[in-house]
Amino acid sequence: MKVRHAMSTNVIAATPDMPLIDAMRTMLREHISGLPVMDAHGAVVGVLTEGDLMHRAEIETETGRTHPAWLDFVLGPGRQAREFIASHARHVGDVMTRDVITVDAGAPLAEAIGLMERHAIKRLPVLRNQLLVGILSRADLLRAFVRALPDATPDDLSDAAIARRLRAEFDARPWAPRGTVHADVHDGVVTLRGVIVNDDVRCALLVLAANMAGVVRVDDQVTTIEPMTGMVVHEPGM
């Protein structure tokens, strides 16, 4: 799935000269944690997030930034001046984060998730030809997941067809056991039987079977044994 398939296209954005109070009211009204900031040509020049608004004079948190005295000496007055701007400025452009993490609309969704995880961000501006065309948020990912789930179970799959597909799925997974777990299918109910040596693999097999089209239920009859001691980790009915 591509980013363009999951992103929201109804983009709410700010401009650098927008009053900060208006941007904050927009975030509260729309229940969003940040706003992309665009210039007059539609290019993204920054992003305003809740994190940019934590240290403000109005709520007496501007002194929350603490640095070693030697660091202030090395960096000179510039750092303190920038912090004063961030805690007192009244326009978005003076407070926003300028180093913006973005993703292309044609990028794989997995790439976008990697960016969100790596940079610990909740929302990604989506670009096409360097122009803002959407926003990808964690909520958008949830909506994409729900849309991807099958709406209904096909009623034209025979038990034999389900069993064949299940065996093919087992064979395609490098972690799945070969020949030690067998699947029987009756009226759409899959019964897994056998012995394996890793309980995570057992759980993964159950998930795999439950996700097969036509399966109505999975009956777990697999036994897990600890290979070094022979101790039973899981057995049917436990």
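Letter 119 of the sequence shown, counting from 1, is numbered 119 in UniProt numbering, and no numbers are missing. Ideal Cβ positions, reconstructed from N, Cα and C, are used throughout, including at glycine.
**Study point:** D187 in three-state terms, based on DSSP
**Key:** Locating residue 187 in the sequence shown gives position 187, where the first residue counts as 1. The answer is coil: DSSP assigns D187 none of H, G, I, E or B.
Q: Output the distance between the C-alpha atoms of I225 and V201, rounded to the nearest integer angstrom.
A: Position 225 of the sequence shown, counted from the start, is the residue given in the question as residue 225. Position 201 of the sequence shown, counted from the start, is the residue given in the question as residue 201. So the two alpha carbons sit approximately 12 Å from each other.
- Message: Tell me the rounded alpha-carbon separation between A23 and G194.
- Response: Taking the sequence shown and counting its residues from 1, the one referred to as residue 23 is at position 23. Taking the sequence shown and counting its residues from 1, the one referred to as residue 194 is at position 194. Those two C-alpha atoms are separated by around 60 Å.
Item to complete: Could you tell me the distance, in whole angstroms, from the CA atom of I32 to the CA atom of H41?
Response: Numbered from 1 along the sequence shown, position 32 holds the residue referred to as residue 32. Numbered from 1 along the sequence shown, position 41 holds the residue referred to as residue 41. Going from the Cα of I32 to the Cα of H41 covers about 24 Å.
Integer Cβ distance of G188 from V218, believed to fall under 8 Å: Translated into the one-based positions of the sequence shown, residue 188 becomes position 188. Translated into the one-based positions of the sequence shown, residue 218 becomes position 218. With a contact defined as Cβ atoms closer than 8 Å, G188 and V218 miss out at about 10 Å.
*Drop a sphere of 10 angstroms on the beta-carbon of F170, count the other beta-carbons inside from all chains shown, and report buried for 16 or more, exposed for fewer.*
Start at 1 with the first residue of the sequence shown, and residue 170 comes out as number 170. Buried, because 16 or more other Cβ atoms sit within 10 Å of the Cβ of F170.
*Please determine, among D39, E83, G179, the residue with the shortest C-alpha to C-alpha distance to M18.*
Here residue 18 corresponds to residue number 18 of the sequence shown, with the count starting at 1. Of the listed residues, the one whose Cα sits closest to M18 is D39.
| query | Mapping DSSP to helix, strand and coil, what is T223? | reply | To locate residue 223, count along the sequence shown from 1; it is residue 223. It is a strand residue.
For H234 and D184, which I take to be in contact (beta-carbon distance under 8 Å), what is that distance rounded to the nearest angstrom?
As a first step, residue 234 is located in the sequence shown; it is residue number 234 there, counting from the start. As a first step, residue 184 is located in the sequence shown; it is residue number 184 there, counting from the start. Contact annotation, H234 with D184: C-beta distance approximately 19 Å; criterion of less than 8 Å not satisfied.
* Output the distance between the C-alpha atoms of M54 and I162, rounded to the nearest integer angstrom. => In the sequence shown, counting from the first residue as 1, residue 54 sits at position 54. In the sequence shown, counting from the first residue as 1, residue 162 sits at position 162. Distance between the alpha carbons of M54 and I162: 55 Å.
Query raised in the report: With 16 other CB atoms within 10 Å as the buried threshold, where does G114 fall?
Result: Residue 114 sits at position 114 when you count from the first residue of the sequence shown. Classification for G114: exposed.
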